[in-house]
Amino acid sequence: QKEVEQNSGPLSVPEGAIASLNCTYSDRGSQSFFWYRQYSGKSPELIMFIYSNGDKEDGRFTAQLNKASQYVSLLIRDSQPSDSATYLCAVKVGSNDYKLSFGAGTTVTVRA
Amino acid sequence: DAMVIQNPRYQVTQFGKPVTLSCSQTLNHNVMYWYQQKSSQAPKLLFHYYDKDFNNEADTPDNFQSRRPNTSFCFLDIRSPGLGDAAMYLCATSVSRGGTGVNIQYFGAGTRLSVL
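These protein sequence lines map, in sequence, to chains A and B.
In short: position in the first sequence from 1, add 31, done, that's the numbering used here.
So that you can map any letter, position 78 of the second sequence is 72 in the numbering used here, and since no number is skipped, the others follow by simple counting.
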């Protein structure tokens, strides 16, 4: 079982709609969760992180964490064509403060 | 602006010819990482430095080595590149965030390695 799993997509949404991305993880002890955006051929850039159960909002992005069910999600409201990218979910591995385990990413395409 | 800088952005090498990729940072972060990312795959951690302490991942091939001469610089050496080593190589740095203990990693732009 992979440590972090995401649907590869592609997830296609019309401009202005909500894009919903999901991520599940295997280590029940995981504490910190990150969403990175990666444009094609570019490096990952951090969108937001979450470590408490519930929702965390930052602009058009909302991260949702449910530790009991071991999933974390990302909602993108009012999707724009510039949001078209691959979104990587990353989870802090066990008690190691320095290592992240990444999912393979979900590719999102926003149709104008 | 403080940042993580990787050079070169694109590197072409020949099968078996040693190659070195470099990473520098102005963030003064004490942890530096090297990842390998192949197309449509997750970034795969090769190793990381905590200060001068080198931490190798168990499944990182011996063909991959790293050096960190000081806080600002870190190098990835591939001693004998094979065709399977063609990938994007990402350098990242991190620091913990106070009481939350959240360790955010900041990535450089990456070096895309081609092996002919």
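For glycine and all other residues, C-beta sits at the position ideal for the given N, C-alpha and C.
Cutoff 9 Å: residue 173 of chain B Cβ touching any chain A Cβ: Nothing can be reported for residue 173 of chain B: it is not among the residues displayed for chain B, which extend from -5 to 110.
Within-9 Å CB hit, residue 129 of chain A to chain B: yes
Chain B within 9 Å of residue 57 of chain A, Cβ atoms only: no
Exposed unless 16 or more other CB atoms sit within 10 angstroms - verdict on residue 9 of chain B: exposed
Contacts that residue 104 of chain B makes with chain A (C-beta to C-beta distance below 7 Å): 74
Candidates A:48, A:93, A:53, of which the one nearest residue 39 of chain A by Cα: A:53
Buried or exposed by the 16-neighbour rule on C-beta atoms within 10 Å, applied to residue 48 of chain B: exposed
Any 3 or more C-beta pairs closer than 8 Å across the stretch 26 to 41 of chain B and the stretch 79 to 87 of chain B: yes
Secondary structure of residue 106 of chain A, DSSP reduced to three states: strand
C-beta neighbour in chain B for residue 85 of chain A, strict 9 Å: no
Status (buried if at least 16 other CB within 10 Å, exposed otherwise) for residue 143 of chain A: exposed
Neighbour list for residue 98 of chain B in chain A, Cβ cutoff strictly below 8 Å: 65, 77, 80
For residue 108 of chain A and residue 47 of chain A, the rounded distance between their alpha carbons: 7 Å
Beta-ladder partner(s) of residue 56 of chain A, from DSSP: A:35
Inter-residue Cα distance where the pair is residue 141 of chain A and residue 92 of chain A: 15 Å
Nearest-angstrom beta carbon gap, residue 70 of chain B and residue 58 of chain B [assumed within contact, 8 Å]: 7 Å
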